[in-house]
Amino acid sequence: MPTEKVHLLVDGHVHLYPFMAARTMLDAASANFLRSHDVLHDQPASRPPGGVLLVADPEGTKGFARLAAFRDDRPDRPWSQEHADSANLVFRRSDGAQVAAVRGQQLVTQEGLEVLTFGAAVPWAQLPLFTTVDRIAAAGGIAIIPWGAGKWLGRRGRLVTQLVRASAQRPDILLADNGVRPWCWSRVPQFEAAAETGVRLIAGTDPWPIRGEELRAGSYGFRVSLNCRPEGFAMALLRELRNPAGFFPLFGRRMSLRRFASNQVRLTLQQRQSRQR
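Residue numbers (the working numbering): 62 to 338.
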């Protein structure tokens, strides 16, 4: 089957937690991708556009495996699985909507920083940041350091800046903006350093472990054009992310300050209740 040029919207930071329904996330992602497409092109899409979710599973969470096992038995616009392998899933809904998922991990470093990795399976050991990204590179993957509220400030923030300034010639290291970052939080020194050194930027929603957060999937991310077959999204996307000349325009919307504060309160209460059980 020949390859074709596909223009994709990619949510580069997705989690499917155990209490989140796979169908709900796929429906939400499809709707959000369509909304962003219409805004970008200032006209309705002639058919539902394709979108990709980069599923970065934290340790102990099997979101990609749950998507792989998902079978939609509802009569109303059911999803079917068109392709599945160890790295890539492609779903199509009966109305033509298509959503792909790419398998990844979310690692936590010794300093408490998050690192996403795609294209390689890496042990879950909590290692220093520089060691973590080197181990990912040695395994053939790409390392993505996503923005985190509070985590990119102070000592840890300076460490991320050090990594950015040391990674000018490394296409296997990227930064990621985050849909959790409130729209009014405008200045991020690490993004400024990345622009100076040529370290590239992608984006994703980063759903919080709170009910309803799966509805944000596909609402913030980056755009990319690939030459591939649908079942080849994973490898083609990884090749493009490794391409030092690759540039990925962002799309969508970040969280409001009000929702950010509300989620912080909800998460704190949820964690407190969990400890009391």
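Each residue gets a CB set at the ideal place from its N, CA and C atoms; glycine is no exception.
Bear in mind that the values here come from a model prediction, so they are computed numbers and not experimental data.
What's the gap between the Cα of residue i and the Cα of residue j?
i	j	result
leucine 168	phenylalanine 191	13 Å
serine 141	aspartate 156	11 Å
glycine 124	cysteine 245	31 Å
threonine 122	leucine 128	12 Å
histidine 68	aspartate 146	22 Å
proline 79	asparagine 149	20 Å
alanine 254	glutamine 171	23 Å
valine 221	leucine 114	25 Å
serine 247	leucine 236	16 Å
arginine 226	arginine 327	36 Å
alanine 199	alanine 182	11 Å
leucine 318	leucine 287	35 Å
leucine 299	isoleucine 263	13 Å
alanine 106	alanine 126	For alanine 106, the pLDDT reaches just 49, beneath the cut-off of 50, and the residue's location in the model is therefore unreliable, although a value from the coordinates is still provided. Cα-Cα distance, rounded: 31 Å.
glutamine 251	proline 136	48 Å
glycine 282	glycine 218	22 Å
leucine 224	glycine 180	21 Å
glycine 215	methionine 296	36 Å
leucine 276	alanine 89	5 Å
cysteine 289	proline 310	20 Å
proline 189	isoleucine 197	12 Å
aspartate 267	histidine 74	5 Å
arginine 138	glutamine 187	43 Å
arginine 164	glycine 259	26 Å
What's the call for residue i, buried or exposed, on a 16-neighbour Cβ count within 10 Å?
i	result
glutamate 257	exposed
glutamine 26	Look at the range of the chain in this structure, 62 to 338, and you will see that residue 26 is not part of it.
tryptophan 213	buried
glutamine 104	Only weak support is given to the placement of glutamine 104: the predicted model assigns it a pLDDT of 49, under 50, and the question is left unresolved by the model.
glutamate 120	exposed
alanine 83	buried
threonine 329	exposed
proline 207	buried
alanine 158	buried
arginine 272	exposed
tryptophan 269	buried
phenylalanine 112	Reading off the sequence shown, one finds glycine at residue 112, where the question assumed phenylalanine. Label assigned to glycine 112: buried.
leucine 134	It is aspartate, not leucine, that sits at residue 134 in the sequence shown. So aspartate 134 ends up on the exposed side.
asparagine 93	buried
serine 323	exposed
asparagine 239	buried
arginine 333	exposed
alanine 162	buried
glutamine 230	exposed
arginine 315	buried
What residue range is occupied by the uninterrupted alpha helix (DSSP H) comprising residue i?
i	result
aspartate 195	190-199
valine 221	215-227
arginine 164	Counting along the chain, arginine 164 falls outside any alpha helix (DSSP H), though it belongs to the beta strand (DSSP E) covering 159-169.
Per DSSP, residue i is paired with what?
i	result
glycine 281	Before going further, note that residue 281 is tyrosine rather than glycine in the sequence given. Looking at the DSSP assignment, tyrosine 281 forms a beta bridge with Gly313.
cysteine 245	In DSSP, cysteine 245 forms no bridge with anything.
asparagine 239	Gly265
lysine 66	Asn288
glycine 307	Its beta-bridge partners do not exist; DSSP assigns none.
leucine 114	Asp72 and Ala162
proline 21	Here the chain comprises residues numbered 62 to 338, so residue 21 is not present and cannot be evaluated.
isoleucine 234	Ala204
Could you confirm whether any beta carbon from chain B is found closer than 8 Å to the beta carbon of residue i?
i	result
serine 286	The chain inventory of the structure shown lacks chain B, comprising one protein chain alone.
By the DSSP assignment, the beta strand (DSSP E) with residue i in it spans what residues?
i	result
proline 207	203-207
glutamate 175	175-179
phenylalanine 152	149-154
glutamate 257	Premise fails: glutamate 257 lies in the alpha helix (DSSP H), 250-258, not in any beta strand (DSSP E).
glutamate 143	140-145
leucine 128	No beta strand (DSSP E) contains leucine 128, which is instead part of the alpha helix (DSSP H) from 124-130.
glutamine 134	Sequence check: residue 134 is aspartate here, not glutamine. No beta strand (DSSP E) contains aspartate 134, which DSSP labels as neither H nor E.
Roughly how far, in whole angstroms, is the beta-carbon of residue i from the beta-carbon of residue j, given that I think they are within contact range, below 8 Å?
i	j	result
alanine 117	histidine 76	7 Å
serine 228	valine 160	At roughly 31 Å, the Cβ-Cβ gap does not stay under 8 Å, so serine 228 and valine 160 are not in contact.
glycine 279	aspartate 72	5 Å
valine 249	phenylalanine 321	No, valine 249 and phenylalanine 321 are not in contact; Cβ-Cβ is about 15 Å, not under 8 Å.
alanine 204	aspartate 233	6 Å
glycine 307	arginine 261	6 Å
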